[in-house]
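Residue numbers (the working numbering): 143 to 609.
For every residue, glycine included, the Cβ atom is placed at its ideal position computed from N, Cα and C.
Some notes on the structure that comes next.
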RNA sequence: GGGGCGUUCGUCUAGGGGUCAGGACAUCUGUUUUUCAGACAGAGAACACCGGUUCGAAUCCGGUACGCCCUGCCA
C-alpha cells in the first residue's frame, strides 16, 4: 500500500516570499495536489534574532496571492523546540549522540593546529566523542551527533540522481546548542518526521545537508523521505538572484500586475518541463507534474517570457474572473476602485481588450476608452488626427449614426459609405474616430468601441470632438 | 583548501548512442489591395573545451575551464 503523499514548504521568515521560494512551494504544491496528497507549511522561525511576525505574514500573503493553499495551520518550528530537545536527548540515550564540552576557542585552536600541519581546512574532531561520562566537567555543553567516521552516505535523489558523500568529509554536527535550543539540522528532520512528510522537495543548496540529515533519520531509526533537490533560480545575467535584479519578492510581481495563473505557469516551466508544453492551466500542471521532469541546471528569469505567458492567461481568462482579479489588483496596489459604471462597461468590453494585455496595468491602459467619461481629452498624438477636415467628416457621420441599427454590420456599412463619400480610405476615417472615442491613437477596433460604449455615448463623444 | 552539483540557440527547454538537434520567448525580414494596435508567415540562432569507448557520441567514461552550493552553537 502506498502512503499518501505529504509535501511541505518550509521557508525561514527573513523577508518577503522570494521568487525562488515561491517556485519551490509551487513544485511541492503541484506534486501533492496532483496526487491527492497533502501540502503543509512550516515556518522555520528558530532563529529568534532574525524572526519578525511581519516577515512570516508576508510569506503567507505571497502564497495566498499565488493561489498555493496549504493544508491545516502553518507550523511554527520554534514552538516545537521542546520536542527537538527531547529527540536530541533520546539520541544521547541511544548512543547516537554525545555531549561535547569543547569551547569555541578550542575548536578554533584545533583548526589552527591542523592548518599549521598543512591542511587549509579540517573537520572538527571532538575529543568528547568517546569520553567516559565520569570525566564530564560541570560546564555548558552541546549535543553532537555521533556521525560515522568512515564509509559513505548515499542520497538517492529524484532530481540529482545518486549522490555519494564520503563520511570523513562530514563532522559531528551539533544538534542541540549549549543553551538547549535545537539547530536547524535537527529541527528539520524532527519536524518533517513528525509531520509525516514523505517527499522533501527543496533547493539544491540543501543537497549536502541531506547527507547530514539522513544520518539523523538513521540515528533515530526513522524512515528517510524521498529527496528531490531542485536547482536554484538565477537572475537574467546568470548570477545568483539578488535585489540588483529587480523584483525578487512575489509581492512585487503582484504589484506589477501579473496574473497569478500566469505566474504559476511561468514558474512551473522554469526548471520543469512536460515535453514542449508551454502554456497550461494549474489543473494540467497538477496532472503532468512529476519529479522526473525537473532539470538539474539552474534557470534564469526571463521577464519577456513571463509577460508573454501572462498575456496568454489574461486572453484566455473568463471575463468575470478576470474582472474580479483586476479589482483585487487595484486594491492591492492602492489604486482607486472601479465605479459601478466602470465595472459595468468593463464587463461588457473586456472581450476586446484582454487579448492584447500582458499585465493588469496594460489591461487598464487598453481599456482606457471605457473607463473615461466625457469630455474625452485627446492626447497629443490623437489631437493631431482631429484637424478641421477630419472634424468635418465626423460631423457628417453623426446623423447617420443617430438612425443606425447598433450592430457591427450596420456600422460597417455606414462608416464605409461616409469614407467613400469623402473620397478617403477607411483608415483615414478610423483615425479621427478613434481619437474622438478614446482620445488615443492605439485602441481596440473602432467597431468594438462603439458597440461597447453604446449609441448615445458614441454620438456624444463624436460631437464633443467635432465641435 | 575539501566535498557536492551543473554546463543544448540570447533565454526557458525537448532529446539520453545513428535526429536536417525539435518547440517556445526574444530578435530580424516579409505579408496583411477597410483601422492604430496586432495577427500571420519566414529567417538567423545551440550540444563549454580536450581526450577516451564505439562502425557511430549532444547522448556513455575521464579530465580541464567556468558557475553555483555546502563546509557555523544561520536557516
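Quiz prompt | residue 278, buried or exposed, once every other Cβ within 10 Å from all chains shown has been counted against 16 | solution = Within the first chain, residue 278 is the residue found at index 136, counting from 1. Exposed.
Exercise. Compute the distance between the beta-carbons of residue 581 and residue 509, then report whether it is under 7 Å.
Key: Position 439 of the first chain, counted from the first residue, corresponds to residue 581. Position 367 of the first chain, counted from the first residue, corresponds to residue 509. Going by C-beta atoms, residue 581 is not nearer than 7 Å to residue 509.
Quiz prompt | Within 7 Å, strictly: CB atoms of residue 222 and residue 184 | solution = Looking up residue 222 in the first chain gives position 80. Looking up residue 184 in the first chain gives position 42. Taking 7 Å as the Cβ cut-off, residue 222 and residue 184 do not qualify as a contacting pair.
Quiz item: On the three-state DSSP scale, how would you describe residue 525?
Solution: Taking the first residue of the first chain as 1, we reach residue 525 at position 383. Of the three classes helix, strand and coil, the one that applies to residue 525 here is helix, per DSSP.
Quiz item: In this structure, does DSSP put residue 517 in helix, strand or coil?
Solution: The count along the first chain starts at 1 and reaches residue 517 at position 375. Coil at residue 517, not helix or strand.
Self-check item: Residue range of the unbroken beta strand (DSSP E) whose run includes residue 341
Solution: Within the first chain, residue 341 is the residue found at index 199, counting from 1. 341-345 is the span of the beta strand (DSSP E), which, as asked, contains residue 341.
Quiz prompt | Classification of residue 246 by the beta-carbon crowding that lies within 10 angstroms, buried from 16 upward | solution = What you label residue 246 is simply residue 104 of the first chain in a count that begins at 1. Of the residues assessed, residue 246 falls on the exposed side of the cut-off, its CB having fewer than 16 other CB atoms within 10 angstroms.
Quiz prompt | Three-state class that DSSP yields for residue 157 in the structure shown | solution = The residue you call residue 157 lines up with position 15 of the first chain. Three-state result, residue 157: coil.
Exercise. For residue 332, I'd like the list of residues in its chain whose CB is within less than 6 Å of its CB, leaving aside the five on either flank, ordered along the chain.
Key: Residue mapping note: residue 332 aligns to position 190 of the first chain, counting from 1. Excluding positions up to five away in sequence, the list reads 226, 229.
Quiz item: Taking only runs of the alpha helix (DSSP H) that begin and end inside the segment 423-504, which ones reach a length of at least 4 residues, in chain order?
Solution: 424-430, 445-458, 461-474, 482-491
Quiz item: Going by other Cβ atoms of all chains shown within 10 Å of its Cβ, with 16 needed for buried, is residue 289 buried or exposed?
Solution: In the first chain, residue 289 corresponds to position 147, counting from 1. Buried: at least 16 other Cβ atoms inside 10 Å.
Exercise. Could you check how far apart the C-beta atoms of residue 594 and residue 487 are, in whole angstroms? I think they sit under 8 Å.
Key: If you number the first chain from 1, residue 594 lands on position 452. If you number the first chain from 1, residue 487 lands on position 345. In this structure residue 594 is in contact with residue 487, their Cβ atoms being roughly 7 Å apart against a cut-off of 8 Å.
Quiz item: What separation, rounded to the nearest whole angstrom, lies between the Cα atoms of residue 536 and residue 210?
Solution: Your numbering for residue 536 matches position 394 in the first chain. Your numbering for residue 210 matches position 68 in the first chain. In a straight line, the C-alpha of residue 536 is about 52 Å away from that of residue 210.
Quiz prompt | Extent of the continuous beta strand (DSSP E) run through residue 313 | solution = The residue given as residue 313 occupies position 171 in the first chain. From DSSP, residue 313 is part of no beta strand (DSSP E); its letter is neither H nor E.
Practice problem: Could you pull the start and end residues of the beta strand (DSSP E) that residue 296 belongs to? | Solution: For the purposes of this step, residue 296 is identified with residue 154 of the first chain, where counting begins at 1. First-last of the beta strand (DSSP E) with residue 296: 294-299.
Quiz prompt | Close-in-space but distant-in-sequence residues of the same chain around residue 389 (CB under 8 Å, 5 per side omitted) | solution = What you label residue 389 is simply residue 247 of the first chain in a count that begins at 1. Taken in chain order, the residues that qualify are 161, 395, 398.
Self-check item: Chain-order list of residues whose beta-carbon lies under 8 Å from that of residue 175 (same chain, five-residue window excluded)
Solution: Counting from one through the first chain, the residue named residue 175 turns up at place 33. Excluding residues within five positions, the ones whose Cβ falls inside 8 Å are 181, 428.
Quiz item: Taking the C-alpha atoms as reference points, what is the distance between residue 302 and residue 372?
Solution: For the purposes of this step, residue 302 is taken as residue 160 along the first chain, with counting starting at 1. For the purposes of this step, residue 372 is taken as residue 230 along the first chain, with counting starting at 1. Taking the straight line joining both Cα atoms gives about 8 Å.
Practice problem: Assign residue 304 to one of three DSSP states: helix, strand, or coil. | Solution: In the first chain, counting from the first residue as 1, residue 304 sits at position 162. Residue 304: strand per DSSP, three-state reduction.
Practice problem: Take every Cβ of the segment 334-344, pair it with every Cβ of the segment 366-380, and state whether three or more of those distances are shorter than 8 Å. | Solution: yes
Self-check item: Cβ shell of residue 270 (< 7 Å), same chain only, five flanking positions each side left out
Solution: For the purposes of this step, residue 270 is taken as residue 128 along the first chain, with counting starting at 1. Only 240, 241, 242, 243, 244 meet the Cβ criterion.
Quiz prompt | Own chain residues within Cβ distance below 7 Å of residue 256, not counting five before or after | solution = Stepping through the first chain from its first residue, residue 256 is reached at position 114. Cβ within range, chain order: 264.
Quiz item: Taking C-beta to C-beta, are residue 306 and residue 299 nearer than 7 Å?
Solution: The count along the first chain starts at 1 and reaches residue 306 at position 164. The count along the first chain starts at 1 and reaches residue 299 at position 157. For residue 306 and residue 299, no; Cβs fall outside 7 Å.
Practice problem: Could you pull the start and end residues of the alpha helix (DSSP H) that residue 601 belongs to? | Solution: To locate residue 601, count along the first chain from 1; it is residue 459. Run containing residue 601: 597-608, per the alpha helix (DSSP H) assignment.
Quiz prompt | Own chain residues within Cβ distance below 6 Å of residue 453, not counting five before or after | solution = Translated into the one-based positions of the first chain, residue 453 becomes position 311. Closer than 6 Å at the Cβ level, and outside the excluded window around residue 453, lie 500.
Practice problem: Report the residue from 266, 280, 592, 276 whose alpha carbon sits nearest the alpha carbon of residue 291. | Solution: On the first chain, position 149 is the one that residue 291 refers to. When only C-alpha atoms are compared, the closest one is 266.
Quiz item: Is residue 240 helix, strand or coil by DSSP?
Solution: Within the first chain, numbered from 1, the residue matching residue 240 stands at position 98. Residue state, collapsed to three classes: strand.
Self-check item: Nearest to residue 343 (by Cα), restricted to the options 434, 547, 421
Solution: Indexing the first chain from 1 puts residue 343 at position 201. Nearest C-alpha to residue 343: 434.
Quiz prompt | Among 350, 493, 469, 475, the one whose alpha carbon lies nearest that of residue 482 | solution = Walking along the first chain from the start, residue 482 turns up at place 340. When only C-alpha atoms are compared, the closest one is 469.
Quiz prompt | residue 151 - containing beta strand (DSSP E), residue span | solution = Within the first chain, the letter at position 9 stands for residue 151. Note, residue 151: beta strand (DSSP E), 148-151.
Practice problem: Taking only the alpha-carbon atoms, compute the straight-line gap between residue 325 and residue 361 and give it to the nearest angstrom. | Solution: As a first step, residue 325 must be located in the first chain, where it is residue number 183. As a first step, residue 361 must be located in the first chain, where it is residue number 219. Using only the alpha carbons, I get a separation of about 16 Å.
Exercise. Find out if the Cβ-Cβ distance for the pair residue 297, residue 353 is shorter than 7 Å.
Key: As a position in the first chain, residue 297 is number 155, starting the count at 1. As a position in the first chain, residue 353 is number 211, starting the count at 1. A contact, by the Cβ cut-off of 7 Å.
Practice problem: Could you name each continuous beta strand (DSSP E) segment of 3 residues or more that falls completely within the segment 333-420, going from the start of the chain to the end? | Solution: 341-345, 368-372
Quiz prompt | N- and C-terminal bounds of the beta strand (DSSP E) containing residue 181 | solution = Taking the first chain and counting its residues from 1, the one referred to as residue 181 is at position 39. From DSSP, the beta strand (DSSP E) with residue 181 extends over 180-185.
Quiz item: Closest by CA to residue 186, which one among 447, 154, 542?
Solution: Translated into positions along the first chain, residue 186 becomes position 44. Nearest of 447, 154, 542 to residue 186, Cα basis: 154.
Quiz item: When you compare only the Cα positions, how much space is there between residue 159 and residue 213?
Solution: Working through the first chain from its first residue, we reach residue 159 at position 17. Working through the first chain from its first residue, we reach residue 213 at position 71. Answer to the nearest angstrom: the Cα atoms are 18 Å apart.
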